[in-house]
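Numbered as in the numbering used here, the first sequence ends at 822 without a single skipped number. Every residue, glycine too, gets a C-beta built ideally from N, C-alpha and C. Treat the numbers as computed from the prediction; the structure is a model and nothing was measured. Take a look at the structure set out below.
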Amino acid sequence: MSHEYNPNEVEKKWQDQWNETQLYRQEIDKSKEKHYAMTMLPYPSGDLHIGHWYAMTPSDARARFMRMKGYNVLFPMGFDAFGLPAENAAIKRNIHPMKWTFANIERMRGQLRSMGAMFDWEREAVSADPSYYKWTQWFFKQLFEMDLAYRKKAAVDYCPECATTLAREQVWGLDRHCERCGAPVIKKDLEQWFFKITDYAEELLDFSKIDWPERVKVMQTNWIGRSTGANVTFNTEDGDPIPVFTTRPDTLWGATFMVLAPEHPLVNKITTVGQKTAVSDYISATEKLTDIDRETADREKTGVFTGAYAINPVNNAKVPIWIADYVLMGYGSGAIMAVPAHDERDFAFATKFGLDIVEVIRMPGRTDEDGPLTEAYSSKTEGTLVNSEQFNGTPVTEAIDKVIVWLEEKGAGTGAVNYRLRDWLISRQRYWGAPIPIVYCDTCGAVPVPDDQLPVMLPEDVEFTPTGESPLKLHEGFINTDCPICDEPAIRETDTMDTFMCSSWYQYRYLSPNDDDQPFDPEEGAYWLPVDQYTGGIEHATMHLIYTRFFTMAMREMGLVKEGEPMRALYNQGMVLGEDNEKMSKSRGNVVAPDNLVQEFGADTVRTYLMFFSKWDQGGPWNYDGIKGPQRLLSDVWELAHLVIEPDSVDEKADRALRRKTHQMIRKVTTDYEGFAFNTAIAAMMEMRNMLNDAARKNNVSAEAWHEGVDNLLLCLAPIAPHITEECWSNRGRPYSIHTQDWPKWDEETAKDDSITLVVQVNGKVRDKIETEAGQSDDALQELALASENVQKHLGDNPPRKVIVVKGRLVNIVKG
RNA sequence: GGGGAUGUGGCGGAAUUGGUAGACGCGCAUGACUUAGAAUCAUGUGCCGCAAGGCGUGUGGGUUCGAGUCCCACCAUCCCCACCA
């Protein structure tokens, strides 16, 4: 039996065999506990990137581990197949997006298979398939009927390059560029569909039911941006109410002016004749500003007086109303009460325009003699109220609540919560997405397409223009239809849905991807849901991972799921970088192509290296030399597994040491897999390999100890390197398949060390190391330590002042 | 400006969570095998020092018998959010 390890041959052989024997068919089995493991599905860009391998193969290893531990594991795969690149390819290369997408999927399926992952392809879901988007549309209708979808005209972020609107999350960077193409994003007034994700802001802030990384929870919390305070209504002199939100109702007496966003609907009405020109000049100047300029915090404040005044409801003071671009229409009510003494921005504005600054919070230690404030004082924890009538002398810490109570009694305001989270804009002016199933009728308004007419199919006979404008808008056959209610001629919605809509519910479609009667089979759902372990990149923290939570909460209202949280546990992997420690990119020329690696090293080696070079959540640079370590490990495992061992004599000590190592390895690998620490698990298996190598060379261990070691090494390695372990297992005459074997158990007694290295310190510095029997009493260890020659030398004549014994490990002697 | 994370040999990274710093791997050095190389095997490998010994986890302080780990201040890098009222 002198066959060489040929990875490509072995991998092909077993991938075929697994396929034939349906080893990875995943079906309901109520005799077993279920485990729904899921890794984020890829976009079919055409080529599998090493990043996909990095995201998916450790996730696969974890799923395989859970399977061997006895769980019935569901580990599906699919494609998030709608989206812009397909359309861009269509425009550039004159290929239909559908053709492009499905060709890519075909190619990527093959690449994904080369990973040797345990995906159940029977459960594959493809979001661009009509049988899938039928249900995406159905969900849109459900949300519409639940009043969670609405249409409004809004100034939305628009990418001129992609010719479509973007969700706020898809606008990136200080310069506010398009997530996809990098072009600067502009504002545009359009009628758009929104989902009321803000209705769930409070529940989305509650992470108590899920075990997600702190980082993601913090990012989502900041994104939702809850702040508490009060809504207070100021009235103009003409009696027009201007509601404002403030987090500092305690500073109301210091509100010496108001500022409205230039887009505020009241601006036109209240501006006095004399200020008309100045105001309209300012508004058009603002419109010309890019968002880059407008939203830079350290920019000098600009603004203009409207000529109008409002009445401060707490003291009836007459305060001027200004407009300024530092107040944003999209947050709160688009208007603020300005308290220059206690808000940095208002202070800067008041200073520039010579507006009154009234101190209403007295900072501790400050007196009247200190003169006017030189900067805003905004502490929420220190200071007391002044110039605030009956509240004078109230500490700030109590004042906020007291003022709210008083405002409510007086009818001037109410306690309020405000969120930074906006409703989710889902309309896209693009072709390659799920059409929004709405028909506009002159008499009946916006009417949802009846269920029996779903899906609203994307027409295939479309022409793409270089401008990127959606060809749906030009497709007469698509646009013109009849109203489902009154049967009169009507017009179809030509926008399609944000692809995040498709990926918000794919974990449900996997349950029964071919079901034509419902989004998913409830029986499957009852068994598999929710997802137990989700893995994927951190970049989705405030997008996909918020959307899918919202979606599931809404699905709970629809009665489709029991729990409002889609994924119980989440793990974020890091990123593989290029050899130069930089993000991989074509322009840098540091891209690592997995297909070539598989050719050269085999999938098992690539998998092992990816899981070995760093802890999974950290990521790190790829290194072509570094892959040699895992490569040697696997070729050694191959040799060891095929070795025939016939010891002339057995060295009891070596035999015992090998058995101990075996059980220590099982223990270490088991706990490491549980915590996604594949790197240290592999290190433990390498130690095992080293010891087996040594035993083989010396030929001094029993056949029992040897086979126990080799078999358990194969079992431990199986989740990471599924092909080579299957082949070795099979060649050793073990039953098919290694992947359905029980996860090995370790014996604590066998794993126990029988000797220890006692570390002896004097004043915390290591002065001796003594090999001694394990399990001795503290007193015995202390005696042993004190007897050390080296210790005596360092101790001198004085008796030790103190001796600390760390059980079974260390003795520290404090000099007298 | 706010929030979060990270900093350990030539390199990737370990460290039972306050108890031997540097596991495991790469690389390197020396040796073996070889006509030679590749591969493989053996031994060594934090730094300074012939040695005894000393120094060492971004920097400076502190707590402790004992600190990579805890506390305070600072430096550097990365990520997220950002005129959010």
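Out of Q782, R372 and T746, point me to the one whose CA is closest to T763's CA. Here residue 763 corresponds to residue number 757 of the first sequence, with the count starting at 1. Closest option to T763, Cα to Cα, is Q782.
So, for Y30: in the same chain, excluding its five sequence neighbours on each side, which residues have a beta-carbon less than 7 Å away from its beta-carbon? Indexing the first sequence from 1 puts residue 30 at position 24. Cβ within range, chain order: W24, M124, F125 and D126.
Do K821 and L790 have their beta-carbon atoms positioned less than 8 Å apart in this structure? Indexing the first sequence from 1 puts residue 790 at position 784. Indexing the first sequence from 1 puts residue 821 at position 815. No. Outside cutoff.
Three-state class that DSSP yields for K159 in the structure shown: Taking the first sequence and counting its residues from 1, the one referred to as residue 159 is at position 153. In the structure shown, K159 sits in a strand (DSSP, three-state: E or B).
Please report the residue range of the alpha helix (DSSP H) in which H270 lies. Indexing the first sequence from 1 puts residue 270 at position 264. Here H270 belongs to no alpha helix (DSSP H), and DSSP marks it neither H nor E.
In terms of alpha-carbon separation, which member of D785, G52 and R426 lies closest to L211? One-based indexing of the first sequence puts residue 211 at position 205. Here the closest residue by C-alpha is R426.
Would L646 be called buried (16 or more neighbouring beta carbons within 10 Å of its own) or exposed? As a first step, residue 646 is located in the first sequence; it is residue number 640 there, counting from the start. With 16 or more other Cβ atoms within 10 Å, it is buried.
Where do the N-terminal and C-terminal ends of the beta strand (DSSP E) with T312 fall, by residue? What you label residue 312 is simply residue 306 of the first sequence in a count that begins at 1. T312 -> beta strand (DSSP E) spans V310 to I317.
On a Cα-Cα basis, can you pick out the residue from R129, S51 and A61 that is closest to V79? If you number the first sequence from 1, residue 79 lands on position 73. Ranking the options by Cα distance to V79, first place goes to R129.
Within the chosen definition, does the stretch 281 to 290 reach the stretch 370 to 380 through at least 3 CB pairs nearer than 8 Å? no
Are the CB atoms of P572 and R594 within a distance shorter than 8 Å? Walking along the first sequence from the start, residue 594 turns up at place 588. Walking along the first sequence from the start, residue 572 turns up at place 566. No, Cβ-Cβ distance for R594 and P572 is not below 8 Å.
What does DSSP give as the partner residue(s) for I410 in the beta ladder? As a working note, residue 410 is residue 404 in the first sequence. Its beta-bridge partners do not exist; DSSP assigns none.
How would you label Q637, buried or exposed, when you count the other beta carbons within 10 angstroms and need 16 or more for buried? Against the first sequence, residue 637 aligns to sequence position 631. With 16 or more other Cβ atoms within 10 Å, it is buried.
In three-state terms, what does DSSP make of H55? Sequence index remark: in the first sequence, residue 55 carries index 49 (1-based). Coil, per DSSP.
Excluding the 5 residues preceding and the 5 following P255 in the sequence, name in chain order all residues of the same chain whose CB lies nearer than 8 Å to its CB. In the first sequence, counting from the first residue as 1, residue 255 sits at position 249. Answer for P255: G235, A236, V238, I406, V409, I410, L413 and G419, listed in chain order.
Range of the contiguous beta strand (DSSP E) that encloses S339: Position 333 of the first sequence holds residue 339. Looking at the DSSP string, S339 is not in any beta strand (DSSP E), and its letter there is neither H nor E.
Per DSSP, L196 forms a beta bridge with which residues? Reading the first sequence from its first residue, position 190 is the one you call residue 196. DSSP output for L196 lists A160 as bridge partner(s).
Which residues in the same chain have their Cβ closer than 7 Å to the Cβ of I187, if we skip the five residues on either side of it in sequence? The residue you call residue 187 lines up with position 181 of the first sequence. Checking the sequence shown, residue 187 turns out to be Cys, not Ile. The residues are C165, E167 and C168.
Residues sharing a beta bridge with L80, DSSP: Translated into positions along the first sequence, residue 80 becomes position 74. Paired residues: Y42.
Among all the DSSP beta bridges, which residues are the ones paired with S433? Your numbering for residue 433 matches position 427 in the first sequence. M503, per the DSSP bridge assignment.
Out of curiosity, what's the CA-to-CA distance linking C722 and E112? As a working note, residue 722 is residue 716 in the first sequence. As a working note, residue 112 is residue 106 in the first sequence. Answer to the nearest angstrom: the Cα atoms are 33 Å apart.
Does P636 come out as helix, strand or coil in the three-state DSSP assignment? Counting from one through the first sequence, the residue named residue 636 turns up at place 630. Helix.
I'd like to check one pair, F88 with I442: are the Cβ atoms closer than 8 Å? Within the first sequence, the letter at position 436 stands for residue 442. Within the first sequence, the letter at position 82 stands for residue 88. Contact: no.
Three-state secondary structure (DSSP) at M7? For the purposes of this step, residue 7 is taken as the residue at position 1 of the first sequence. In this prediction, M7 has a pLDDT of 40, which is less than 50 and means its spatial position is unreliable; what the coordinates show is noted afterwards. Of the three classes helix, strand and coil, the one that applies to M7 here is coil, per DSSP.
From this set, E733, H729 and T756, which residue's C-alpha is nearest M671's C-alpha? Looking up residue 671 in the first sequence gives position 665. Out of E733, H729 and T756, T756 has the C-alpha closest to the C-alpha of M671.
Any alpha helix (DSSP H) of 4 or more consecutive residues that is wholly inside the stretch 519 to 581: 528 to 534 and 550 to 563
Quick check on L391: does DSSP put it in helix, strand or coil? Walking along the first sequence from the start, residue 391 turns up at place 385. Strand.
Looking at V162 and T171, is the spacing between their C-beta atoms short of 8 Å? On the first sequence, residue 171 is found 165 positions in, with the first residue counted as 1. On the first sequence, residue 162 is found 156 positions in, with the first residue counted as 1. Yes. Within cutoff.
How long is the line joining the alpha carbons of L460 and F81, rounded to whole angstroms? Along the first sequence, read from residue 1 onward, the residue named residue 460 stands at position 454. Along the first sequence, read from residue 1 onward, the residue named residue 81 stands at position 75. Cα to Cα, the separation comes out at about 29 Å.
Considering only the alpha carbon of each residue, which of D501, T778 and K275 lies closest to R157? Along the first sequence, one-based indexing puts residue 157 at 151. The shortest C-alpha separation from R157 is found at D501.
Look at the alpha carbon of Y577 and the alpha carbon of M46, and state the distance between them as a whole number of angstroms. Numbered from its first residue, the first sequence carries residue 577 at position 571. Numbered from its first residue, the first sequence carries residue 46 at position 40. Each residue's Cα considered, the two are about 11 Å apart.
Could you check where the beta strand (DSSP E) with D774 kicks off and where it finishes? As a working mapping, residue 774 is identified with position 768 in the first sequence. Its beta strand (DSSP E) spans residues K771 to E779.
So, at 6 Å on beta carbons, what are the nonlocal neighbours of E388 in its own chain, with the 5 sequence-adjacent residues on each side left out? Translated into positions along the first sequence, residue 388 becomes position 382. These residues qualify, in order along the chain: P370.
What does the Cβ neighbour count give for M152, buried or exposed, with the cut at 16 atoms within 10 Å? Along the first sequence, one-based indexing puts residue 152 at 146. Exposed, because fewer than 16 other Cβ atoms sit within 10 Å of the Cβ of M152.
Check whether F506 and I97 have beta carbons under 8 Å apart: Taking the first sequence and counting its residues from 1, one reaches residue 506 at position 500. Taking the first sequence and counting its residues from 1, one reaches residue 97 at position 91. Not in contact: F506 and I97 (Cβ atoms no closer than 8 Å).
Which one of L258, N14, W752 and G681 has the shortest CA to CA distance from M121? Taking the first sequence and counting its residues from 1, the one referred to as residue 121 is at position 115. Per the Cα distances, N14.
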